[in-house]
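So for the sequence shown, the working numbering puts the first residue at 35; every next one is plus one. We put the beta carbon where it would ideally sit given N, CA and C, even for glycine.
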Amino acid sequence: MKTENIDGLSLFEINLLIQQGARFVTFPNTMTKHKSFTIYFIRPDEKVFKYAFKHFMKNLLHGFRNFPLRPLHISKSLFYLAIGGRDHTHAILADAKTINPIYNPNLYCLEYV
């Protein structure tokens with residue numbers, strides 16, 4: 035899955051922002067069965083609405099293709115818009131901590147500097 039808005043942040047900085055109220059959220063595309071959602075890193079001072087509204091409009095426009103189920107899909111999209119998306123913060127942090135490489139500098143090379 036693709037993660038947006040973490041450009042240049044280390045794991046330490048991400049943990050600090052999460053302690054201040056940041057989170058990782060997704061807004062599922064309710065019209066398809068695809069599981070590859072874009073994950074957004076929402077900072078503490080940032081509004082979720084600008085990401086959720088884009089997905090709501092996409093679901094609203096594509097909802098006209100599938101007429102009998104359109105109210106169901108639009109109501110699901112409104113639900114995710116209202117609650118601010120699905121929170122995946124704990125799962126992503128657990129994965130990041132297991133994958134995070136430990137930096138071990140080569141001290142032999144530093145002797146000659």
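If you count every other CB in all the chains shown that lies within 10 Å of the CB of PHE58, and 16 or more means buried, which is it?
-> buried
Of the listed residues ASN63, GLN53, LEU95, PRO78, nearest to ASN39 (C-alpha basis) = PRO78
Going by other Cβ atoms of all chains shown within 10 Å of its Cβ, with 16 needed for buried, is PHE61 buried or exposed?
-> buried
Report the partner residues of VAL59 according to the DSSP bridge assignment.
-> TYR74, ASP121
Would you mind stating whether ALA56 and ILE76 have Cβ atoms separated by less than 8 Å?
-> yes
Would ALA125 be called buried (16 or more neighbouring beta carbons within 10 Å of its own) or exposed?
-> exposed
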